[in-house]
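A short worksheet on the structure shown next.
Protein chains: 2
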Amino acid sequence: MALRNAVMAALLEGEASGYDLAKGFQSSVANFWMATPQQIYRELERMESEGLVAARFVQQERRPNKRLFSLTEAGYAAVHAYTTEPPAKPTAIRDELLVKVQCVDVGDLQAVRAAIAQRMELAAAKVVRFERARERLLAGRTEDEYFGTAERIGPYLTLLRGLSLEQDNLRWGEVALKRLDQRTAALAARAE
Amino acid sequence: MALRNAVMAALLEGEASGYDLAKGFQSSVANFWMATPQQIYRELERMESEGLVAARFVQQERRPNKRLFSLTEAGYAAVHAYTTEPPAKPTAIRDELLVKVQCVDVGDLQAVRAAIAQRMELAAAKVVRFERARERLLAGRTEDEYFGTAERIGPYLTLLRGLSLEQDNLRWGEVALKRLDQRTAALAARAE
DNA sequence: TGGGAATATTCAAAAAGTTGCATATTCCCA
DNA sequence: TGGGAATATGCAACTTTTTGAATATTCCCA
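Chains as they are written, first to last, in numbering that gives the first Met the number 0: chain R, 0 to 191; chain F, 0 to 191.
Shown next as C-alpha cells:
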C-alpha cells in the first residue's frame with residue numbers, strides 16, 4: 000500500500016496517465032520513490048476500483064489514446080489520512096554503488112572508480128535538472144516570497160531534499176575519487 | 000542476487016552469524032542496504048550451498064548456539080567479480096517521509112511536522128554513532144595517515160557517505176520545519 | 001521464581017516488485 | 001517505404017520482500 004501513497008502524491012500535481020507517472024514519476028516524486036511501469040498501471044487500476052482515482056479517456060490525434068487519472072474526493076481524503084498515519088518506517092535504501100565501494104579493497108579498484116565517476120555524472124545532471132525545476136517553481140520570486148505566497152510548498156521542500164542529496168553525492172564522490180587515486184599511487188609505489 | 004552482494008560486503012568485516020548480520024547489518028552496510036532477518040538467513044543458506052560462504056558451528060555457554068559464516072575463497076572471488084560488474088542499476092530509494100512532505104499541503108501539517116522532527120532525531124543519533132565509528136577507524140590517526148596506512152578504505156568511504164547523508168538530513172529538516180512553521184503562522188493569520 | 005528482553009534460527013503465507021514480452025499508434029529520418 | 005524511437009498500455013511468470021508468527025536458550029532484574 001505504499002506505492003499507492005507515492006502515486007497519490009504524484010497526482011497532486013494534476014492528472015496524469017500511467018505512462019506519465021511511469022517515466023520520471025512526475026519528476027519530483029522520482030527522487031524518493033522508484034517504481035516500474037507495471038507496478039504503476041496495476042496500482043492505478045486497483046485505486047480506480049476503490050474509487051481513489053478517476054480515469055478520463057483522451058482521444059489523441061498524434062499519439063495513441065490514453066487514460067488520464069486524477070484524484071477523486073475520496074482520493075484527497077486518503078491523502079490527508081495518509082499524512083496522519085503514525086511512524087513512517089525507516090527509509091529503504093538500496094545503493095549498489097556503496098556496496099561496491101565497501102568491497103573495493105578486495106575488488107577491482109579501477110572498476111569501482113569508474114562506477115563512482117559515473118554516479119557523479121548522473122548526480123551532476125540531476126543537480127542541473129533540479130536547479131531548473133526550482134527556478135520554474137520560484138518563477139522569479141525569492142524563496143521567502145515563494146513560501147509566503149505559493150499554494151503548495153510540499154513539492155518545493157522535496158525538491159530541496161533531492162537537490163542537496165545530489166550535491167552531496169558530488170561532494171562525496173570527489174573525496175572518494177581522490178582517495179582511491181591516492182591508494183592506486185601508493186599501491187603502485189609499493190610494487191616498485 | 001543483489002542482497003547477496005551486500006551480505007558479502009558485510010562479511011568482509013569478518014565472520015558473523017545471521018543474527019549479527021540481521022541487526023545492524025554489520026553497522027556500516029546498513030546505511031545503504033536494508034534487509035530483514037528472514038532475507039539474510041535464507042540468502043546465507045543459498046550462499047552456503049553454492050560454496051560462497053562456510054559456516055562454523057559455535058557452541059555457546061551463555062547464549063543459544065549459533066553458526067558463524069565467513070567468506071570462502073570462492074566468496075572472495077565472487078566479491079572481486081561483483082565489483083567489475085557493469086552498471087550498478089540506479090539507487091532504489093523509498094522514503095515515506097518525503098512522500099508525506101510532498102502531500103503536506105493537502106494533508107495534516109502538524110503530523111508531517113512531527114514526522115520530520117522524528118526523522119531529525121534519528122538522523123542526529125546516527126550522526127553520533129557514525130562519528131564514533133569514525134574515531135574507532137581512525138584510531139588516533141589523521142585522515143591522511145589513515146588512507147596512507149589502512150588495510151581497507153572501503154568501509155571508511157561508505158561511512159563518510161552515511162555521515163554526510165545524515166548531516167544533510169538534519170540541515171534539510173531544519174529548513175523544512177522552519178518553512179512549515181512559517182506556513183502555520185501564515186494560515187493562522189489568514190484565518191483571523 | 002517468574003517474566004521480560006536479548007540472543008539465535010526457522011517456517012509459511014501474503015504482498016510487492018521485476019522481467020520479458022506483446023500490442024498498437026505515430027513520428028521522424030534516411 | 002522501411003525501420004527505429006517514442007508514446008501508451010497490458011499480461012503472465014517469476015523472484016524478492018515483507019509480515020507474522022513459532023521455537024529454544026539464557027540473562028537480568030524485581
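Ideal placement from N, C-alpha and C gives every residue a C-beta, glycine not left out.
A185(F) to A149(R), Cα distance in whole Å? One-based indexing of the second sequence puts residue 185(F) at position 186. One-based indexing of the first sequence puts residue 149(R) at position 150. Distance from the CA atom of A185(F) to the CA atom of A149(R), rounded to whole angstroms, is 11 Å.
Taking 8 Å as the cut-off, decide whether the C-beta atoms of G153(R) and Q101(F) are in contact. Sequence index remark: in the first sequence, residue 153(R) carries index 154 (1-based). Sequence index remark: in the second sequence, residue 101(F) carries index 102 (1-based). Yes, Cβ-Cβ distance for G153(R) and Q101(F) is below 8 Å.
For the structure I just gave you, are there three or more beta carbon pairs, one from the stretch 118 to 129 of chain R and one from the stretch 164 to 172 of chain R, closer than 8 Å? Result yes; three or more Cβ-Cβ pairs closer than 8 Å.
Determine the extent of the alpha helix (DSSP H) in which K99(R) is found, giving its start and end residues. On the first sequence, residue 99(R) is found 100 positions in, with the first residue counted as 1. From DSSP, the alpha helix (DSSP H) with K99(R) extends over 95 to 101.
Give the single residue among T183(F), L121(F), E72(F) whose Cα lies nearest to the Cα of A105(R). Within the first sequence, residue 105(R) is the residue found at index 106, counting from 1. Ala is not the amino acid found at residue 105(R); the sequence shown has Val there. Out of T183(F), L121(F), E72(F), E72(F) has the C-alpha closest to the C-alpha of V105(R).
Does DSSP put K88(R) in a helix, a strand or coil? In the first sequence, the residue the question calls residue 88(R) occupies position 89. DSSP places K88(R) in coil when its eight states are reduced to three.
Drop a sphere of 10 angstroms on the beta-carbon of D19(R), count the other beta-carbons inside from all chains shown, and report buried for 16 or more, exposed for fewer. The residue labelled residue 19(R) in the question sits at position 20 within the first sequence. Classification for D19(R): buried.
For E134(R) and L67(R), believed in contact at Cβ under 8 Å, the rounded distance: For the purposes of this step, residue 67(R) is taken as residue 68 along the first sequence, with counting starting at 1. For the purposes of this step, residue 134(R) is taken as residue 135 along the first sequence, with counting starting at 1. No, L67(R) and E134(R) are not in contact; Cβ-Cβ is about 27 Å, not under 8 Å.
Would A53(R) pass as a contact of S69(R) if the rule is Cβ separation under 8 Å? Within the first sequence, residue 53(R) is the residue found at index 54, counting from 1. Within the first sequence, residue 69(R) is the residue found at index 70, counting from 1. Yes, these two residues count as a Cβ contact at 8 Å.
Measuring CB atoms only, is the stretch 80 to 89 of chain R touching the stretch 110 to 122 of chain R, in the sense that at least three cross pairs come out at less than 8 Å? no
Option in F31(F), E144(F), L51(F) with minimal Cα separation from L10(F): Translated into positions along the second sequence, residue 10(F) becomes position 11. Selected option, being the one with the closest Cα: L51(F).
Neighbour-count burial assignment, S48(R), 16 or more Cβ in a 10 Å radius: Residue mapping note: residue 48(R) aligns to position 49 of the first sequence, counting from 1. So S48(R) ends up on the exposed side.
Give the list of continuous beta strand (DSSP E) stretches no shorter than 3 residues that lie fully inside the stretch 23 to 83 of chain F. 52 to 57, 65 to 70
Where do the N-terminal and C-terminal ends of the alpha helix (DSSP H) with T148(F) fall, by residue? Translated into positions along the second sequence, residue 148(F) becomes position 149. Taken as a continuous stretch (DSSP letters only), the alpha helix (DSSP H) holding T148(F) covers 142 to 148.
Which partner residues does A15(F) have in the DSSP bridge list? Taking the first residue of the second sequence as 1, we reach residue 15(F) at position 16. According to DSSP, A15(F) bridges with F68(F).
Mark N30(F) as exposed unless 16 or more other C-beta atoms lie within 10 angstroms of its C-beta, in which case mark it buried. Translated into the one-based positions of the second sequence, residue 30(F) becomes position 31. Per the 10 Å Cβ criterion, buried.
If we call anything under 8 Å between Cβ atoms a contact, is W32(R) one with V98(F)? If you number the first sequence from 1, residue 32(R) lands on position 33. If you number the second sequence from 1, residue 98(F) lands on position 99. Contact flag set, yes.
Any C-beta of chain R sitting closer than 8 Å to the C-beta of Q117(F)? Within the second sequence, the letter at position 118 stands for residue 117(F). Chain R contact via Cβ: present.
Does the distance from the CB of L179(R) to the CB of L158(R) come in under 8 Å? Sequence index remark: in the first sequence, residue 179(R) carries index 180 (1-based). Sequence index remark: in the first sequence, residue 158(R) carries index 159 (1-based). Result no, Cβ atoms of L179(R) and L158(R) do not sit closer than 8 Å.
Can you tell me where the alpha helix (DSSP H) holding R178(F) begins and where it ends? In the second sequence, counting from the first residue as 1, residue 178(F) sits at position 179. From DSSP, the alpha helix (DSSP H) with R178(F) extends over 153 to 190.
M0(R) by DSSP, collapsed to three states: which one? Looking up residue 0(R) in the first sequence gives position 1. DSSP places M0(R) in coil when its eight states are reduced to three.
Within the same chain, show all residues whose beta-carbon is closer than 6 Å to that of G17(F), passing over the 5 residues directly before and after it, in chain order. Working through the second sequence from its first residue, we reach residue 17(F) at position 18. Correct list, in chain order: I39, Y40, L43.
Please identify the residue among R93(R), H79(R), F129(R) whose C-alpha is closest to the C-alpha of D107(F). Within the second sequence, residue 107(F) is the residue found at index 108, counting from 1. Comparing Cα-Cα distances from D107(F) to each of R93(R), H79(R), F129(R), the minimum goes to H79(R).
Per-residue burial, E95(F) [other beta carbons within 10 Å of its own, 16 or more giving buried]: On the second sequence, position 96 is the one that residue 95(F) refers to. The residue is buried, with at least 16 neighbouring Cβ atoms inside 10 Å.
Does any residue of chain F have a CB that is nearer than 8 Å to the CB of P63(R)? For the purposes of this step, residue 63(R) is taken as the residue at position 64 of the first sequence. No, its Cβ sits nowhere closer than 8 Å to a Cβ of chain F.
Hey, out of V28(F), S27(F), A21(F), F129(F), whose CA is closest to Q37(F)'s CA? Indexing the second sequence from 1 puts residue 37(F) at position 38. The candidate whose alpha carbon is nearest that of Q37(F) is A21(F).
Could you tell me the distance, in whole angstroms, from the CA atom of T141(R) to the CA atom of R118(F)? Here residue 141(R) refers to the residue found at position 142 when the first sequence is read from its first residue. Here residue 118(F) refers to the residue found at position 119 when the second sequence is read from its first residue. Roughly 28 Å between the two C-alpha positions.
Chain R contacts from the stretch 157 to 169 of chain F (Cβ-Cβ distance under 9 Å): T157, L159, R160, G161, S163, L164, Q166, D167, N168
With a threshold of 16 other CB atoms inside 10 Å of the CB of A77(F), please say whether the residue is buried or exposed. Stepping through the second sequence from its first residue, residue 77(F) is reached at position 78. When all chains shown are included, A77(F) counts as buried.
Reduced DSSP category for A21(R) - H, G, I as helix; E, B as strand; rest coil: Counting from 1 along the first sequence, the entry for residue 21(R) is found at position 22. In the structure shown, A21(R) sits in a helix (DSSP, three-state: H, G or I).
Report yes or no: is there a C-beta of chain F within less than 8 Å of the C-beta of K22(R)? Here residue 22(R) refers to the residue found at position 23 of the first sequence. Using a Cβ-Cβ cut-off of 8 Å, K22(R) does not count as an interface residue toward chain F, since no Cβ of chain F sits closer than that to its own.
From L169(F) to A190(F), what distance separates their C-alpha atoms? Taking the second sequence and counting its residues from 1, one reaches residue 169(F) at position 170. Taking the second sequence and counting its residues from 1, one reaches residue 190(F) at position 191. C-alpha separation (whole angstroms): 31 Å.
Using three-state DSSP, classify A132(R) as helix, strand or coil. As a working note, residue 132(R) is residue 133 in the first sequence. A132(R) falls in the helix class under three-state DSSP.
Output yes if chain F places a C-beta closer than 8 Å to the C-beta of T90(R); else output no. Along the first sequence, one-based indexing puts residue 90(R) at 91. Yes, T90(R) lies at the interface with chain F (some Cβ there is under 8 Å from its Cβ).
On the three-state DSSP scale, how would you describe V105(R)? Translated into the one-based positions of the first sequence, residue 105(R) becomes position 106. Coil.
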